[in-house]
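Novice: So that we are looking at the same thing, I have put the structure below in structure tokens.
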Amino acid sequence: MRLIGILVLILGVALAGGALYYSKQYFAAFEARNQGPQGPAMAKVVVAKIPLSYGQELEPSALNVIDWPKASVPAGTFDAVEALVDSSGQQKRFVLRAMEPGEPILQAKITGFGQEAGMAMRLADGKRAYSLPIDAVSGVAGFLAPGDRVDIILTESRGEQLASRVILQDILVIAVDQSQTKDRASPRVGRTATVEVDSRQAQILALAQQVGRLSLTLRGLNESETAGTGEGDASKPVSLDDLIGRAEKPKVVDTGTDIRVRKGTAVETTRIE
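So my numbering is basically just the index in the sequence shown, starting at one, shifted up by 301.
Below is the structure:
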């Protein structure tokens with residue numbers, strides 16, 4: 302009898318342990334189903350809290366830290382405000398590119414510690430800033446703004462003819478007068494447009510300014526084509542004859558040869574065709 306009682310006790314303990322184990326498994330699976338699928342891994346990213354404009358000092362009150370999907374964090378972001386702002390206030394940083402609220406703060410859009418937001422900071426590698434005089438007509442009636450892209454047209458006199466042609470295409474405007482920020486709400490006619498060009502393009506503009514008048518034409522936002530072909534070829538010069546439909550005067554080519562024969566003090570000329 303004692304042996305039977307011991308066996309019954311062991312069996313009861315085993316059954317109780319098994320019931321407890323399977324109960325835990327059941328409730329764990331139940332909780333997992335209620336929680337649903339796990340979300341993506343997140344990372345901390347510093348973003349703009351308010352609209353930031355070019356040249357504005359970067360301050361802690363203008364920044365915010367949010368969770369961002371780790372797999373899509375842009376290169377050059379910051380994970381803490383302390384990495385952006387000098388706690389002592391001695392080394393300031395400034396905005397190089399305008400940013401909207403919620404936009405990540407990127408290294409390329411701000412200056413380094415203690416650096417000013419000058420024009421040179423905005424130029425791409427190998428580029429130069431070149432300024433052109435503009436007016437209400439050549440400057441697109443005041444609607445030209447930094448960040449726009451333009452074609453540059455040269456109008457010049459060729460003898461008795463006027464001709465114009467596109468000398469540079471898809472050129473970035475980086476400033477109008479001393480303003481390097483867009484202000485579409487109140488367009489104004491500027492006197493100078495500063496464009497971003499390479500060294501050769503700067504030489505072309507310098508020469509073109511000496512031989513004729515330069516005008517700017519505003520390109521569309523999604524336009525990326527340059528010179529085409531055929532009648533619409535942007536690189537093909539357009540003359541006054543083209544506008545009024547007048548045929549160009551044929552050039553007279555002199556194919557004859559004059560032979561001069563000196564006889565004493567007299568000179569006799571004979572023309573051979």
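A virtual CB, placed ideally from N, CA and C, is assigned to each residue, including glycine.
At 3 residues or longer, what runs of the beta strand (DSSP E) sit wholly inside the segment 367-419?
Specialist: Those beta strand (DSSP E) runs which fall completely within the segment 367-419 and span 3+ residues do not exist here.
Novice: Can you tell me whether DSSP reads Gln520 as helix, strand or coil?
Specialist: In the sequence shown, counting from the first residue as 1, residue 520 sits at position 219. The amino acid occupying residue 520 in the given sequence is Arg; Gln does not appear at that position. Coil at Arg520, not helix or strand.
Novice: On the CB-based measure, 16 or more other CB atoms within 10 Å of its CB, does Pro438 come out buried or exposed?
Specialist: Numbered from 1 along the sequence shown, position 137 holds the residue referred to as residue 438. Per the sequence presented here, residue 438 reads as Val, with Pro not at that position. Exposed, because fewer than 16 other Cβ atoms sit within 10 Å of the Cβ of Val438.
Novice: Can you check which of these residues, Arg429, Asp426, Ala567, Val474, is closest to Gly448 by C-alpha distance?
Specialist: Reading the sequence shown from its first residue, position 147 is the one you call residue 448. Among Arg429, Asp426, Ala567, Val474, the Cα nearest to that of Gly448 is on Val474.
Novice: What are the start and end residues of the beta strand (DSSP E) that includes Ile453?
Specialist: The residue you call residue 453 lines up with position 152 of the sequence shown. Run containing Ile453: 450-459, per the beta strand (DSSP E) assignment.
Novice: Quick one: Cα of Leu522 to Cα of Val467, how far?
Specialist: For this step, residue 522 is matched to residue 221 along the sequence shown. For this step, residue 467 is matched to residue 166 along the sequence shown. Distance between the alpha carbons of Leu522 and Val467: 19 Å.
Novice: Near Ala509, what residues of its chain come up, given a Cβ to Cβ distance below 7 Å and the 5 sequence neighbours on each side ignored?
Specialist: Residue numbering aside, residue 509 sits at position 208 when the sequence shown is read from its first letter. The residues are Leu455, Ile468, Leu515.
Novice: One question on the structure: do Asp499 and Gly419 come within less than 8 Å of each other, judged by their Cβ atoms?
Specialist: Counting from one through the sequence shown, the residue named residue 499 turns up at place 198. Counting from one through the sequence shown, the residue named residue 419 turns up at place 118. For Asp499 and Gly419, no; Cβs fall outside 8 Å.
Novice: Leaving out the 5 sequence neighbours to the left and right, which residues in its chain are closer than 8 Å to Ala409 when beta-carbon positions are compared?
Specialist: Here residue 409 refers to the residue found at position 108 when the sequence shown is read from its first residue. Gly377, Leu397, Arg398.
Novice: Return the CA-CA distance between Tyr431 and Thr495, expressed in angstroms with no decimal places.
Specialist: Stepping through the sequence shown from its first residue, residue 431 is reached at position 130. Stepping through the sequence shown from its first residue, residue 495 is reached at position 194. Straight-line Cα distance between these residues: approximately 5 Å.
Novice: Please tell me whether Asp387 and Val347 are closer than 8 Å, where the distance is taken between their beta carbons.
Specialist: The residue you call residue 387 lines up with position 86 of the sequence shown. The residue you call residue 347 lines up with position 46 of the sequence shown. For Asp387 and Val347, no; Cβs fall outside 8 Å.
Novice: Return the first residue and the last residue of the beta strand (DSSP E) that Val346 is part of.
Specialist: Mapped onto the sequence shown, residue 346 falls at position 45. Segment 343-349, the beta strand (DSSP E) holding Val346.
Novice: Go ahead and label Met343 buried or exposed: buried means 16 or more other beta carbons lie within 10 angstroms of its beta carbon, across all protein chains shown.
Specialist: The residue labelled residue 343 in the question sits at position 42 within the sequence shown. Exposed.
Novice: Around the C-beta of Ala476, are 16 or more other C-beta atoms found within 10 angstroms, so that it is buried, or is it exposed?
Specialist: As a first step, residue 476 is located in the sequence shown; it is residue number 175 there, counting from the start. Per the 10 Å Cβ criterion, buried.
Novice: Could you work out which residue in Glu524, Tyr322, Phe395, Pro434 is closest to Phe414 when comparing CA atoms only?
Specialist: Taking the first residue of the sequence shown as 1, we reach residue 414 at position 113. Comparing Cα-Cα distances from Phe414 to each of Glu524, Tyr322, Phe395, Pro434, the minimum goes to Phe395.
Novice: Considering only DSSP beta bridges, list what Ser354 is partnered with.
Specialist: For the purposes of this step, residue 354 is taken as the residue at position 53 of the sequence shown. Its beta-bridge partners do not exist; DSSP assigns none.
Novice: Grab me the residues of Gly531's own chain with a C-beta within less than 7 Å of its C-beta, minus the 5 sequence neighbours each way, in chain order.
Specialist: Along the sequence shown, one-based indexing puts residue 531 at 230. Any reading at Gly531 needs caution, since the residue's pLDDT is 37, under 50, leaving its predicted position unreliable; the model's value is listed next. If we look at Gly531 and ignore the five residues flanking it on each side, it has no Cβ neighbours.
Novice: Below 8 Å between beta carbons: does that hold for Pro352 and Pro375?
Specialist: Start at 1 with the first residue of the sequence shown, and residue 352 comes out as number 51. Start at 1 with the first residue of the sequence shown, and residue 375 comes out as number 74. Cβ distance not < 8 Å, so Pro352 and Pro375 don't count as in contact.
Novice: Closest to Lys371 by C-alpha separation, out of Pro341, Ser389, Arg501, would be which residue?
Specialist: To locate residue 371, count along the sequence shown from 1; it is residue 70. Checked all of Pro341, Ser389, Arg501; the closest Cα to Lys371 is Pro341.
Novice: So, Glu401 versus Ala349, is the Cβ gap smaller than 8 Å?
Specialist: Translated into positions along the sequence shown, residue 401 becomes position 100. Translated into positions along the sequence shown, residue 349 becomes position 48. Yes, these two residues count as a Cβ contact at 8 Å.
Novice: Quick check: Asp452 and Thr518, are their CB atoms within less than 8 Å of each other?
Specialist: Translated into positions along the sequence shown, residue 452 becomes position 151. Translated into positions along the sequence shown, residue 518 becomes position 217. Yes. Within cutoff.
Novice: Between Gly491 and Leu433, which are expected to be in contact by the criterion C-beta below 8 Å, what is the C-beta distance as a whole number of angstroms?
Specialist: Position 190 of the sequence shown, counting from 1, holds the residue named residue 491. Position 132 of the sequence shown, counting from 1, holds the residue named residue 433. At roughly 10 Å, the Cβ-Cβ gap does not stay under 8 Å, so Gly491 and Leu433 are not in contact.
Novice: Using DSSP with H/G/I as helix, E/B as strand and the rest coil, what is Ala425?
Specialist: Numbered from 1 along the sequence shown, position 124 holds the residue referred to as residue 425. Residue state, collapsed to three classes: coil.
Novice: Taking the alpha-carbon positions, what's the Leu506 to Arg423 distance?
Specialist: The residue labelled residue 506 in the question sits at position 205 within the sequence shown. The residue labelled residue 423 in the question sits at position 122 within the sequence shown. Approximately 20 Å between the Cα atoms of the pair.
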